Each structure stands twice: as structure tokens, then as C-alpha cells.
Amino acid sequence: MQTELCPKVAKCPLFNGTLLKRAGSEESYKNLYCKSGTKKWLECKRLQTAEKTGKCPDWVLPNSSLSIDEIVKKMKEKGELA
Ligand code: SF4
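Everything in the sequence shown is counted per my numbering, starting at 10 for the first residue and increasing by one.
Given below as C-alpha cells:
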């Protein structure tokens, strides 16, 4: 059902198959997060990062153990955020 999909699917490189080398991993993430309804995709660290900063670097995965503040800090350290 369309409403079960994360609103970022159209532009998210993980969902569109350009982020991960292993298709199996990608399918797992898609089933666990992207296609599993609002509650699950709101838990996705990629979505949370994009909502906080307006973008999400490739190294952030849906189940990242880093907090959003830690991700933002790392993005700044890497020069990915002004
Ligand atoms: S749930 Fe996360 S990984 Fe899936 S499309 Fe949304 S932002 Fe991308």
C-alpha cells in the first residue's frame, strides 16, 4: 500500500539500489524500514538525518547506532555540513 512507504523512497539511494553493494542487505533494510509503515520508517536514521539537516550522507544506514546528534557532529567533522 502506498501509505506504507517512506516519503523519501523516490530520492533515497538506499531504496533505489545505488547505495549498497549487496542486494540482500538492501532488501532487508527496505523490508524492515522503507516498506513497513509510518512507525518503522520514522525510526530510520537516514530519514531522521534528512529531516534534521536537509540531507543524508551515504554512510548513514537506517539502523545506525549513532544518535542524530552524533551523526550531525560527524557530518560537520567530515565537512558535509556547513
Ligand atoms: S526508510 Fe530510510 S532508507 Fe528507506 S527510503 Fe526512507 S529514508 Fe530511505
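Just so you know, even glycine gets a beta-carbon here, dropped at the ideal spot from N, CA and C. Just so it is clear, the structure is predicted and the values come from calculations on it, not from any experiment.
Distance cut-off 7 Å: residue i Cβ against heavy atoms of the ligand SF4
i: K61; result: no
i: L29; result: no
i: K64; result: no
i: W68; result: no
i: V81; result: no
i: K48; result: no
Proximal residues to residue i (C-beta, below 6 Å), its chain only, five neighbours per side dropped
i: Y42; result: K49, W50, C53, P71
Assigned exposure category for residue i - 16 Cβ within 10 Å defines buried
i: V39; result: Before going on, a small fix: residue 39 reads as Lys here, not Val. Burial call: buried.
i: R9; result: Since the first residue of the chain shown is 10 and the last is 91, residue 9 is not available in this structure.
Helix, strand or coil at residue i according to DSSP, with G and I counted as helix
i: T62; result: helix
i: W93; result: With the chain represented from 10 up to 91, any question about residue 93 goes unanswered, as that position is not in the structure.
i: C21; result: coil
i: R40; result: Strictly speaking, residue 40 in this sequence is Asn, with Arg absent from that position. N40: helix per DSSP, three-state reduction.
i: M10; result: Summary for M10: the model assigns pLDDT 47, below 50, so the residue's position carries little reliability; its value from the coordinates is reported in the next sentence. Looking at M10 - three-state DSSP - the assignment turns out to be coil, as it is neither helix nor strand.
i: D67; result: coil
Within-8 Å CB hit, residue i to chain B
i: G33; result: Reference to chain B is not applicable here, since this structure consists of a single protein chain.
Cut-off 7 Å between Cβ atoms - residues of its own chain near residue i, not counting five sequence neighbours on either side
i: M84; result: T62, P66, L90
Own chain, CB closer than 8 Å to residue i, minus 5 neighbours either side, in chain order
i: M10; result: With a pLDDT of 47 at M10, under the threshold of 50, the modelled position of this residue cannot be trusted; read the value that follows with caution. Contacts found: none.
i: L29; result: L23, E35, Y38
Assumed close pair residue i, residue j - CB separation to whole angstroms, cut-off 8 Å
i: L56; j: K17; result: 6 Å
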